[in-house]
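Novice: Per this note's numbering, the very first residue in the sequence shown carries number 82; after that it's consecutive. For every residue, glycine included, the Cβ atom is placed at its ideal position computed from N, Cα and C. Below is the structure I would like to discuss, written out as structure tokens.
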Amino acid sequence: MLHLDMYASAGVGVLALLLGMALTGRIPFLKRFCIPAPVSGGLIVSLFTLLLYSVFGLECQFDGTVKDLCMMLFFTSVGFQSDIRAIRKGGKPLLVMVALVAALIIAQNLISVGLAKGLNLSPLFGMAAGSIPMSGGHGTSGGFSPLLEQMGLNGASSITMAAATFGLVAGSLLGGPLGEALIRRNRLSGLSARSDVMASVETAPSREEGMESEASAYRKYLKAACVLVMTVALGTGLSWLLAFTGITFPTYFGALITACILRNLFGLSPKWEKELSVGEVVGIGDICLQLFLGMAMASLRLWELASLALPLTLILLAQVSFMALFGAFVAFPLLGRNYNSAVLVSGLCGFGLGATPNAMANMSAVCYKYRYTAEPFIIIPIIGAMFADLINTGVITLFLNLIH
């Protein structure tokens, strides 16, 4: 047994992240399917630890202290993105998408838990292949896997991370073709000239707009770091109170809810809202997510997946099949059967099986072939930033307490 302390474990996670960044810059496949750098780099590190275990019988044991801290800070930053006022900007399509995401998350857990029971496996295994990795992605997988381990599922981290990686690729493969098929079958749009189709998808700020003094930037990031740490501290108190309910919550839930409350309280005054430095808070959260994923992926115990490969594959294939049917026969009609609906369905596939970047990539690919439309590119980021993690955390918590 090779024990790595918190410093060595964090160092390996950083190496995994840097390796992934180098790979992403050189391998088109990773860019095409929006595979996060820490996932690709961390997978290589975990394959190396698998080799050590298989050939030399040497098992690497990682310390999760720094990883857990990064996870807590990331989910706290997610809470600060939950601005209730954004609901007004999305209108009715946004509300419909929120309802669809909630229904999808519930269905994903029903499918996976039901199949797990049918295969004579623990329902916890079903949860590890449900909305935790599918709609939640690697971030939620890393957040809930320790809880699944505590509840009795051995190898929960390896299962959820493997499922999340599968979902990233499947969501990218499914979304674009399904959206394109809906547009073509229903004759919703003709082909457009590609030179200007995507001209408005991303408008990068000018260099002058982004310039600010180093001292000012330092103060903003310092303030953002202080806000995050204080919110985590307050969230710990809320988690302590929630424990008296007898309901099992993930460790980050108190901090996430506290951040949501603070974001909307401070949003009542433009001056207070500015003091929050939300942009910098989100930036720090994104950095913490990258570090967290690097450490989580590097510490996977892939040898624990050997006996579970077949049932996991069956459940994941069922999830992809359901996503295609749900998008074509439920989401598309409810969203209006128009061009925007088809683009949103392509985004929903990427989002429901992978992550928000996959959804944006899917919609960009569809619009590149046909024409740009602004509404989906407003709605999907709002769903990803504000609602998905909150809904998913609530649904997962409910399921875990029902089956445990």
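1. Thinking H84 and Q142 are a contact (beta carbons under 8 Å), I'd like their distance in whole angstroms, please.
2. If we ignore side chains and look at the alpha-carbon of each, how far apart do G224 and A306 end up?
3. Looking at the unbroken beta strand (DSSP E) that takes in L386, where does it start and where does it end?
4. Could you tell me the boundaries of the alpha helix (DSSP H) in which H219 lies?
5. Which residue or residues does DSSP assign as beta-bridge partners of Q142?
6. In its own chain, which residues sit with a C-beta less than 6 Å from the C-beta of G101, not counting the 5 before and 5 after it?
7. For the alpha helix (DSSP H) holding V126, just list the boundary residues, first then last.
8. Here's the rule I'm using: 16 or more other beta-carbon atoms within 10 Å means buried, otherwise exposed. How should K148 be labelled?
9. Roughly how many whole angstroms lie between the Cα atoms of I192 and N443?
10. Can you list, in chain order, the residues of its chain whose CB lies under 6 Å from that of V252, leaving out five sequence neighbours each side?
11. Here's the rule I'm using: 16 or more other beta-carbon atoms within 10 Å means buried, otherwise exposed. How should A285 be labelled?
12. Can you check whether the CB of C341 is closer than 8 Å to the CB of G475?
13. I'd like to know whether the C-beta atoms of S294 and A469 end up nearer to each other than 8 Å.
14. Buried or exposed for M153, please, with buried defined as at least 16 other CB atoms from any protein chain shown within 10 angstroms of its CB.
15. Assuming I165 contacts Y451 (C-beta within less than 8 Å), just tell me the rounded distance between them.
16. Could you give the distance in angstroms between the alpha-carbon of G233 and the alpha-carbon of F247?
17. Note down, one range per segment and in chain order, each alpha helix (DSSP H) of at least 4 residues found wholly within the region 350-425.
18. Could you tell me the distance, in whole angstroms, from the CA atom of A446 to the CA atom of E261?
19. Please state whether the Cβ-Cβ distance between P174 and E361 is less than 8 Å.
20. When you compare each of L343, L150, I477, V426 to I460 by their alpha carbons, which one comes out closest?
21. Please classify Y88 as buried or exposed, where buried requires at least 16 other C-beta atoms within 10 Å of its C-beta.
22. Whole angstroms are fine: how far does the CA of S402 sit from the CA of G465?
23. Can you tell me which of G375, E354, F410 puts its alpha carbon nearest to the alpha carbon of S163?
24. Residues in the same chain with beta-carbon distance under 7 Å from L415, minus the five sequence neighbours each way, listed in chain order, please.
25. Of the choices I116, L124, L393, whose alpha-carbon is the least far from that of L200?
26. Check whether the Cβ atoms of N482 and I365 lie closer than 8 Å to each other.
27. Nearest CA to the CA of K304: which residue from L370, S358, T326, F129?
28. Please go through the same chain and pick out, in chain order, the residues whose beta-carbon is closer than 7 Å to the beta-carbon of G486, but skip the five residues on each side of it.
29. Have a look at D367 and F407 and give me their C-alpha separation to the nearest angstrom.
30. For M215, does the three-state DSSP call read helix, strand or coil?
31. Please name the residue, chosen from R266, V308, I472, that lies closest to T339 on a Cα-to-Cα basis.
32. Would T157 pass as a contact of L337 if the rule is Cβ separation under 8 Å?
33. Which value, in whole angstroms, describes the spacing of the CA atoms of S238 and T478?
34. What residues in its chain sit with their C-beta under 7 Å from that of P214, if we drop five residues either side in the sequence?
35. Any heavy atom of the ligand COA closer than 7 Å to the CB of F413?
Specialist: Per the coordinate set shown:
1. 5 Å
2. 21 Å
3. Run containing L386: none; DSSP gives neither H nor E here.
4. 218-231
5. H84
6. A118, P119, S121, G122
7. 118-137
8. buried
9. 25 Å
10. The question names Val, but residue 252 is Gly in the sequence shown. Within the same chain, G252 has close Cβ partners C430, G431, L434, G435, N439.
11. Only weak support is given to the placement of A285: the predicted model assigns it a pLDDT of 39, under 50, and the question is left unresolved by the model.
12. no
13. no
14. buried
15. That belief does not hold up - the Cβ atoms of I165 and Y451 are roughly 33 Å apart, past 8 Å.
16. 24 Å
17. 351-357, 359-379, 390-407
18. 9 Å
19. no
20. V426
21. exposed
22. 22 Å
23. E354
24. V177, L181
25. L393
26. no
27. S358
28. Outside the modelled stretch of the chain, which goes from 82 to 485, sits residue 486, for which no answer is possible.
29. 30 Å
30. coil
31. V308
32. yes
33. 17 Å
34. S222, T241, A244, A245, G248
35. In the structure on display, the ligand COA does not appear, and there are no ligands present to speak of.
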